[in-house]
Structure formats: structure tokens, C-alpha cells
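Before any comments, here is the structure.
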Amino acid sequence: MVTLLRIRRIIITCNNAHGFSLSHHSSPKSKLFSALPLQLQPIEWEPLSKSQLKTLVLNHYANGSFTNLIQNVVASPLVLLTACHNLAVAPFRPASLRNRFSIETTSRELRENRFNVEACCVTLTPNTKIASPLVLPNLKLKVVVEAIRMVLEIVYDERFVTFCYGGRVGMGRHTAIRYLKNSVENPSWWFTVRFKPHGFEHFHVEKLCSVIERKVKDVVFIDLIKRLFQCKALVIELGGDLLGRGLPQECGLCSILMNVYFDGFDKDIQEMRLRENRENRELDPKMIGSGLDSDVFYKPVKVYAVRYLDEILVATSGSKMLAMELRTAVVKSLELGLGLRVDKVHTAIHSAVSEKIEFLGMELQAVRPSALRPPMSEKAIRARKKYLRQKEVRALELRNARARNRRNLGLKIFSHVYKKIKQSDGFKFDFSIENEVREIFRSWADEVSQEFLGNIDECEEWHRSLSAGDFLQLRHIRNQLPPELIDAYDKFQEQVDKHLNPIKARKAIEEEEIRVKEKEEQSYSKGTVEDLTSLCMKVEAPELLIRKAVKLVGFTNHMGRPRPIEFLDALEDTDIIKWYAGIARRWLDYFCCCHNFKMVKTVVSYHLRFSCILTLAEKHESTKREVIKHFSKDLKVYDMNGNHEVHFPTEREVKMMGDRNLSDPKPVDGALSLTVVRLASDEPPSQCIAHFCDKTTTILYRVHLLNNRLNVNPSEKVNWVQGMGVIHESLNRKCLPLCTDHVNDLYMGRITLQDIDFPHCVDVD
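Be aware that the sequence shown starts at 1, since it is given in full-length UniProt numbering, and climbs by one per residue.
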């Protein structure tokens with residue numbers, strides 16, 4: 001209660017200072033509370049919207065820079081509560097701050113520049129001497145870091161270049177891949193920048209702070225960022241596989257600070273692109289011709305660039321000399337301008353056509369358009385024609401059945417009418433049905449006439465019988481007949497020619513066939529020309545790396561067939577299925593934009609599904625058939641109320657998956673290399689350590705890492721999967737008190753280890 005009253009006073013003070021208000025609904029209950037003192041009134045709190053936060057930040061913009069952002073924005077209780085809302089893994093309530101930290105105290109410490117960063121960090125020491133200690137922030141420091149990230153996003157997001165991806169709303173991995181597939185034309189040479197493994201040192205931190213000082217004139221703000229680096233709560237590692245993967249050793253500020261640090265480099269790349277576009281302007285279409293008749297094709301030289309955090313791809317449609325010049329300029333800008341160590345051996349130029357290049361965990365290659373949209377084979381064409389013929393036959397049978405039913409119904413109606421007329425003088429009804437019957441017969445007649453006129457053979461036969469060999473066509477006969485009869489005959493003959501003459505119908509059909517044939521020829525010619533003159537981007541999932549990861553974890557044996565994982569026998573049946581489901585869904589979400597997505601579907605539908613079935617069979621000492629009979633092939637489980645739940649993607653769901661909306665999915669690394677096992681412990685229940693979870697009915701789970709379980713050193717590339725991230729060694733065998741909901745979310749991949757307050761984990765032998 002004291003915490004709520006304190007938050008109430010803080011929010012009211014902040015609202016009065018910044019012009020925001022908390023509204024009470026005009027209900028009898030709100031009127032009753034309005035009679036209470038202001039501090040005792042219940043609050044209906046809502047987080048700041050992006051526009052409100054932007055207004056709050058821009059209020060401190062003057063003369064081209066921002067001032068006093070810590071004291072007036074970051075230290076604002078509403079901003080801190082909004083940061084809590086962003087970090088919460090469940091609907092955030094101010095009451096969940098109880099027994100964690102005080103918003104009022106944190107706000108005061110930030111305003112008075114007394115915030116102790118070192119006191120909010122916990123150092124975890126690994127069991128082995130190979131790995132270095134891991135410094136993790138507690139929940140209080142995470143809230144402050146999130147508030148700083150929100151402010152930096154408002155300050156810098158609109159100033160970044162268009163090819164800067166990662167750490168931005170709506171600018172994730174799939175957005176970058178969509179740009180490469182839709183916008184990159186005719187790439188001939190490209191290269192990716194590889195960094196030697198190294199972290200941000202004192203020089204890099206000072207340069208980063210100097211870049212921020214150009215826009216943010218706040219000494220306290222800069223000093224706070226420096227202290228985060230000094231106590232190693234904020235660590236940026238380049239050349240590794242840690243950034244943007246949801247691993248616990250990654251701070252929430254890493255992405256935005258990386259973009260700020262690389263902003264000058266991005267501007268240099270943008271200037272290179274604009275300079276090439278100015279030097280290689282497009283020619284006038286009249287000079288080179290247009291259409292398929294032209295034998296001149298002009299492709300202007302263009303430069304493309306994409307950067308996702310520390311992964312950089314540069315491509316050009318020009319010569320190899322131009323690509324070498326771009327590579328030299330890029331390496332020079334990174335080494336001299338940013339002071340980064342570039343791996344020049346692996347930053348090599350590759351042919352876009354003959355070599356695949358790895359970027360964002362996927363393989364890129366320039367191919368002809370026909371490779372992405374191959375023409376139908378002869379077998380497929382025959383199958384399609386067969387299907388169309390069968391469709392026509394079914395439609396004809398349906399029309400014949402409809403005509404037969406109508407004829408039988410009409411005969412019944414006429415028979416009934418005739419019978420009634422014979423038995424009585426007429427019909428006597430309370431209502432008239434003549435109009436309805438007339439409308440029914442009119443619709444039938446129209447359909448029958450349209451069907452008859454659509455049959456060319458019958459029309460030709462009737463036209464021949466009504467017009468050929470008639471003696472009224474002879475001139476000496478026509479002169480002896482009355483003019484009225486001649487005119488009536490001529491009009492009748494005109495109607496016969498108009499409706500039954502098959503020449504016009506046959507001519508229309510022939511013209512339609514010619515038009516379809518010409519359209520096919522034009523389409524074929526256009527496709528042939530495109531294949532000869534253009535290149536497009538082909539994005540594929542790395543099949544060899546995926547199969548190596550599947551074999552490394554233990555989903556398959558050395559022959560590539562599904563096998564059980566004995567280590568998972570300690571889990572509950574539902575937890576086993578959820579662990580497999582989390583990996584499957586992450587793989588499907590990550591590679592859904594790839595051309596060979598069917599291969600990923602096979603891995604999920606066959607290898608992962610049957611590995612899960614075999615694991616359940618080994619745990620219960622039964623057969624695969626019995627497990628499928630109990631759980632079904634879709635691995636259904638039942639909750640406490642007897643309702644079935646499906647966590648693993650069903651075969652139908654997998655079959656219907658494809659390229660989805662733009663998103664930034666996390667790689668599967670964290671789910672593959674992590675397993676949490678329930679402990680049978682006598683420890684008293686404690687509060688769930690998921691961010692701002694109020695539940696105290698928790699269960700202890702021990703963390704087991706894949707590299708420790710397999711006794712594999714991730715630094716040895718031969719035994720590990722290239723590009724696969726590793727959770728820090730110090731988290732192995734840590735015990736996490738988690739509630740049922742959040743351990744399920746952790747299995748399913750809806751939350752990551754970044755959403756867990758590790759400083760409050762429990763040590764149990």
C-alpha cells in the first residue's frame with residue numbers, strides 16, 4: 001500500500017511538471033473515490049505512448065542539441081514506469097515493483113547524479129578458467145538502461161540511413177532480406193566485412209561518447225554511459241556471434257549504441273552510393289529503345305549496402321575494380337575512422353553469380369529469374385491440362401444434371417396443372433403465384449437458350465437447315481410473292497444469321513486462340529530476355545549448417561535418421577514437447593523468407609517431430625507407435641481441465657507456412673543450447689525472477705548448456721556450428737525459480753534469458 005501511494009505521488013508530480021494527466025472514469029465508483037484524499041485515490045496507469053515520449057524529449061531540444069535528458073526525461077517516473085512496462089513479460093502493474101526497487105528512489109538518484117551503477121551489477125564466475133567472469137545488471141539497472149535506450153531511439157532513429165537495420169522498430173532481419181530480394185538488381189561482385197574478435201575498448205568508448213555529445217549536451221548522460229562500460233554491465237563484442245540473438249550477456253543498449261557508433265560510417269557509404277549514381281546516370285529510353293524489339297540493353301552501375309549491427313554487406317553491379325575500390329574505402333573507414341580491427345583475409349570479394357555468400361545466417365547468390373520462378377515442366381503441363389479437362393467434364397456433368405432435374409420438375413408441374421384443370425374448373429388460391437412461376441420459367445428459358453447458343457455445332461446445324469436450299473431465295477419466285485411476305489422472310493433470315501451463323505463465333509474463338517498463343521510467346525520472349533540480361537537475389541537457408549546443428553544437438557544419428565535425446569528424460573512430457581516446439585517454431589520463423597524453406601519444413605516435420613516421439617517413447621519404455629497413439633502425430637497434450645493443447649507445429653500448419661510479415665526473429669541459438677530441468681528441492685517458494693512477475697508459486701529449474709553437456713569447446717569451429725551463438729559459461733547449472741507460465745514461455749521461445757533477473761537466481765548443489 002505504501003508503494004502504491006508513493007507511486008501515486010510521483011506520477012501526479014510528473015504529470016503536473018510535463019502536462020500529462022491521469023483520467024478517472026465518470027462512474028459512481030470513481031465519484032466515491034474522488035471524495036478521498038488525492039494520495040489515497042486508486043490510479044489507472046498507462047505507459048507513455050511513443051508520441052508522448054517524443055514530445056517530452058523534444059521539449060529539451062534547442063540550438064541543434066538536446067540538454068538535461070537525464071534529469072528531465074530519464075529520471076522522470078513516468079518514463080521509468082514505461083521502461084518497466086517494456087521489460088515486463090506479463091501485463092505490468094505498479095504493484096509488481098514491491099520488494100524489488102523504488103521508482104521514487106531511482107528517480108531521485110538519477111536527478112541528483114547519485115545513481116550507483118556498480119552496486120546494481122552482479123558478477124558470475126564460471127566453473128572453468130577458460131571463460132571470463134560475466135557481469136549482469138539487476139532489474140533496477142535494466143530499467144534505467146531501457147529508459148536510456150528509449151531516449152536514444154527518439155534522438156537518433158530518424159537520423160539513421162535507410163540501410164541501417166537492427167535495434168530499430170520495423171527494421172529487422174526480414175526487412176533487410178526483403179530489401180535484398182526486391183531492390184538489388186544485377187549484382188556482379190560483393191563482399192561482407194568480417195571483424196577480428198574484439199570488444200569495445202577505452203578508445204572506442206571515448207569516440208562513441210564524442211559522437212553522442214554532438215547531439216546530447218548532457219554531461220550526466222555521457223558519464224552514465226561511460227560508467228556502464230567501466231563496470232562491464234555494457235559490453236559490445238565485435239566479430240563474434242552474440243549481437244541480436246537474445247543471449248543474456250547482451251545489454252539492451254548494445255544495438256542502439258552500435259548504430260550510433262556506425263552512423264558516420266553509414267553516411268560515408270551513402271555518399272559513395274550517391275556519387276556512383278551521379279556518375280552513372282540512366283540514359284534516355286529513346287536512345288536505347290524499348291520493348292522486346294530493341295537489341296540494346298543498358299544497365300547502370302549501382303552500389304548497394306546493408307548493415308545489420310556488425311554485419312555489413314556491400315554489393316555492386318559494376319566491375320571487379322569498382323568492388324575493390326569500395327572494399328578499400330570501407331576497410332579504411334572502419335580502421336582509421338572507427339578504430340576497428342577488420343579481418344582482411346575473410347573480407348574478400350566474391351562473384352555474385354558463381355559463389356554464395358553468408359549474411360544474417362543465410363546464403364545469398366545472384367541467379368537468373370528463371371531459377372526463382374522456373375517454368376513448368378512437360379509433366380506438370382500435362383498434369384495441368386488433365387486437371388482442366390477433368391474440370392470441364394465435371395462442369396458438363398453438373399450442367400446436364402441440372403438440365404435433367406429441371407426437365408423432370410417441369411414435367412411434374414405441367415402434369416400436376418393438367419390434372420387439377422381436369423378435376424376442377426380452375427385454381428383458387430389465397431395468393432397469386434403466377435409472377436413467381438413466370439420468373440422461374442423465364443430464368444430457365446434464358447439459361448437454356450444461352451447454353452444452346454453457346455454450342456457452335458448445334459447452331460451450325462440449325463442455321464444450315466433454316467437457310468440452305470430455300471426456294472424463297474430465288475429471284476423469279478420472290479417477284480411473284482407479296483412484299484409483306486418477302487420482308488417477313490428477310491427479317492427472319494437476318495435473325496437466323498445473327499444468332500445461328502457459326503462463322504462469327506468460330507472467328508471469335510480463333511482470334512482468342514491466336515491472342516492466347518501470342519501472349520504465351522511474348523511471355524516466353526520476355527522471360528528469355530530477362531534471363532539473359534538481368535540477375536536477382538536468391539536467399540537460402542544454410543542446409544549444411546542446419547543439418548550439422550541437428551546432428552550436434554542429437555536430433556539425428558550419423559545416418560541422418562531421428563533419434564531420442566536421453567538427457568531430456570528428466571523433463572515432464574509437456575516440457576519435452578514444448579522444448580522441441582520452441583526450437584521448431586524459431587527455425588520456421590527465422591527461415592520463412594528463404595527459397596529452400598521446404599528443406600527447413602522437412603527438418604521440423606520429420607527430424608524434430610520424430611526425435612520428440614522417440615524421446616517420449618524411451619522415457620516411458622514404450623514404442624513409437626504407442627506414443628503416436630497416445631499423443632497423436634501432432635503431439636497433443638491435455639491441460640488440467642481436459643482440453644487438448646497443441647504446442648508443436650502441426651503438419652498442416654507447417655505446410656501452409658511461408659513468407660510472413662516483416663519481423664526481426666531471434667535465431668534458434670538460445671533455444672538449441674539451453675535446457676532447464678526441474679529440480680526436486682526443499683527450498684521454500686520464492687518470487688518468480690522473470691521481469692516483474694508477481695507470482696510466488698515457483699519451481700526451481702537448473703540451467704544446462706549444450707556445450708557443457710557435450711563437452712565441446714565452441715571456439716573449435718570443427719566441432720561447433722559456424723555462426724551459432726553460445727550462452728556464457730557462468731550460467732551453467734544456475735537454478736532459476738520460475739512460475740509455470742514463464743517456464744513455458746522460456747521453452748516456447750516467447751521470452752529469452754534476457755527477460756530473466758539472473759542476479760536473483762538461487763544456488764543449489
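We put the beta carbon where it would ideally sit given N, CA and C, even for glycine.
Return helix, strand or coil for residue i, following the three-state DSSP convention.
i           : result
L4          : Its pLDDT being 43, under 50, L4 is placed unreliably by the model, and the measurement read from it follows with that caveat. Looking at L4 - three-state DSSP - the assignment turns out to be helix.
K504        : helix
E520        : helix
A176        : helix
residue 767 : A question about residue 767 goes unanswered here, because the residues of the chain that appear run from 1 up to 765.
W462        : helix
L614        : helix
C209        : helix
Q687        : coil
G199        : strand
D745        : helix
E729        : helix
S351        : strand
I751        : coil
Q52         : helix
E112        : coil
Quick one, which of the options has its alpha-carbon nearest residue i's?
i           : options                   : result
C299        : I514, T316 and L309       : Correcting the residue type first, residue 299 is Lys in the shown sequence and not Cys. K299 has its Cα closest to that of T316, out of I514, T316 and L309.
F591        : V604, Y580 and W579       : V604
L672        : Y580, A305, L208 and D634 : Y580
N713        : F203, Y638 and L552       : L552
I509        : N455, N138, I236 and F597 : N455
R368        : A395, K267 and T533       : T533
residue 766 : K629, E651 and I269       : Only positions 1 to 765 of the chain appear in this structure, which leaves residue 766 out of reach.
T528        : S370, K601, S132 and A403 : S370
S76         : K302, Y524, T106 and L87  : T106
K695        : L738, R702 and V721       : L738
K267        : E439, P248, R159 and V743 : R159
I440        : K419, W462 and G410       : G410
N182        : H85, M537, E543 and S611  : M537
H691        : V654, F101 and R464       : F101
V539        : P133, N596 and L568       : N596
S132        : Q754, L500, F92 and S730  : S730
S333        : N400, D263 and S319       : D263
L545        : E358, I756 and A95        : E358
S49         : R709, I154, F648 and G172 : I154
L58         : Y156, E46, E109 and E104  : Y156
Suppose contacts are defined by Cβ-Cβ distances below 8 angstroms. Is residue i in contact with residue j by that definition?
i    : j    : result
T123 : V135 : yes
M657 : A541 : no
N259 : C120 : no
N127 : N732 : yes
V703 : L746 : no
F191 : A329 : no
V219 : V151 : no
I727 : V89  : no
D343 : K519 : no
R276 : V301 : Position check: residue 276 holds Glu in this sequence, whereas Arg was assumed. Yes. Within cutoff.
P685 : S611 : no
For the beta strand (DSSP E) that contains residue i, what are its first and last residues?
i    : result
M537 : C536 to E540
H644 : H644 to V646
A315 : E311 to T316
P737 : C735 to L738
K636 : K636 to Y638
T67  : S65 to T67
L124 : C121 to L124
A305 : V303 to Y308
Hey, quick one: how far does the alpha helix (DSSP H) through residue i stretch, first residue to last?
i    : result
H416 : E378 to Q423
H704 : First-last for H704: I699 to L705, but that is the beta strand (DSSP E), not the alpha helix (DSSP H).
F191 : It is not in any alpha helix (DSSP H) - F191 instead sits in the beta strand (DSSP E) that spans W189 to V193.
V676 : No alpha helix (DSSP H) holds V676; the beta strand (DSSP E) holding it covers L674 to R678.
P133 : Careful: P133 lies outside any alpha helix (DSSP H) and carries neither H nor E.
P77  : P77 to L87
Problem - Segment contact, 8 angstroms Cβ cut-off, at least three pairs: the segment 176-188 with the segment 349-361 - result: yes
Problem - Segment contact flag, the segment 373-387 with the segment 228-237, C-beta cutoff 8 angstroms, min 3 pairs - result: no
Exercise for the section: Check whether the segment 543-560 touches the segment 628-647, taking contact to mean three or more Cβ pairs, one atom from each stretch, closer than 8 angstroms. Expected result: no
Exercise for the section: Would you check if there are 3 or more beta carbon pairs closer than 8 angstroms linking the segment 671-691 to the segment 248-266? Expected result: no
Handout entry: the segment 140-148 / the segment 80-91 touching (three or more Cβ pairs under 8 angstroms)
Key = yes
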